[in-house]
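If you read the sequence shown in the working numbering, its first letter stands for residue 976, the second for the next number, and so on. The C-beta atom is built at its ideal place from N, Cα and C for all residues, glycine as well. Beneath this line is the structure, given in C-alpha cells, with notes to follow.
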Amino acid sequence: MSLLRAIIVTAFSIVFFASNAQAQSKAAVGNLACTCGAGVGLILGSKKTYQCSFKPIDGGGAQRYSATVTKIGVDIGITGNTVIIWSVLAAGQQVQQGFLSGDYAGVAADAAIGVGGGAKVLVGGSSNSIVLQPLSVQGQTGVNLAVGVSGMTIR
976 MSLLRAIIVT AFSIVFFASN AQAQSKAAVG NLACTCGAGV GLILGSKKTY
1026 QCSFKPIDGG GAQRYSATVT KIGVDIGITG NTVIIWSVLA AGQQVQQGFL
1076 SGDYAGVAAD AAIGVGGGAK VLVGGSSNSI VLQPLSVQGQ TGVNLAVGVS
1126 GMTIR
C-alpha cells in the first residue's frame, strides 16, 4: 500500500506545481462542470465521454460541450458516476460560444474505494491558452486506481 501512496503523492505534487506555473498569468473566466456515467478502466488506459456545461463568471449563458477524456497509464477498476468541476483560467480571453473547443493535456492521478477523489490539471484550447484547474475533485464511486497522462478533447 505504501507504493500506491507514493505514486499518488508524486502525481498530486506534479499536478500542483504544473498548475501553479500555468495559472500565474491567467484569470478565472468561469467554471466547467462535466458528468460521466459508469466505466471500466483497463490496464493501459481508458477513454470516457463527458457531457459538460461552462458557466462564465460574467453571468452570460451556459455553453454546452462534449468532452472525451483519455488516460494513458495504469488504470484498473470499475467506477460509477463521475462529476468533475474545473475553474477555467485564460489570459485576456473573451468568453465566446465554443472558445473551450480544442485538445487539452496534463497529468492525472485518481484513486477511488467507495467514494473517491482525483485531480486533473489540463492545458490546451486555442494556442494552449486555457488552463482547466480542478475545483471539485471527482465524486466517483467504485474501486479504481488510475495514474498516468490525461488528455481531453472538447467539442
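Does the segment 1054 to 1068 come close enough to the segment 999 to 1008 that 3 or more CB-CB pairs lie under 8 Å?
Counting Cβ pairs under 8 Å, three or more are found: they touch.
Taking C-beta to C-beta, are S1125 and K1046 nearer than 9 Å?
The residue given as residue 1125 occupies position 150 in the sequence shown. The residue given as residue 1046 occupies position 71 in the sequence shown. A contact, by the Cβ cut-off of 9 Å.
Taking 9 Å as the threshold (C-beta atoms), are T1010 and V1058 in contact?
Along the sequence shown, read from residue 1 onward, the residue named residue 1058 stands at position 83. Along the sequence shown, read from residue 1 onward, the residue named residue 1010 stands at position 35. The beta carbons of V1058 and T1010 sit closer together than 9 Å.
Name, in chain order, the residues that DSSP records as bridge partners for K1023.
Within the sequence shown, residue 1023 is the residue found at index 48, counting from 1. Looking at the DSSP assignment, K1023 forms a beta bridge with V1044.
Starting from G1100, follow the beta strand (DSSP E) in both directions and report where the run begins and ends.
Along the sequence shown, read from residue 1 onward, the residue named residue 1100 stands at position 125. Where G1100 is concerned, there is no enclosing beta strand (DSSP E), given that its DSSP letter is neither H nor E.
From what residue to what residue does the beta strand (DSSP E) around G1034 run?
The residue labelled residue 1034 in the question sits at position 59 within the sequence shown. Note, G1034: premise wrong, no beta strand (DSSP E); not H, not E.
Check each candidate in P1109, R1039, K1022 and name the one with the smallest Cα separation from S1028.
Within the sequence shown, numbered from 1, the residue matching residue 1028 stands at position 53. Ranked by how close their Cα comes to the Cα of S1028, the residues P1109, R1039, K1022 have R1039 in first place.
Out of G1034, Y1079, V1098, A1037, which one is the CA nearest neighbour of K1001?
Stepping through the sequence shown from its first residue, residue 1001 is reached at position 26. K1001 has its Cα closest to that of V1098, out of G1034, Y1079, V1098, A1037.
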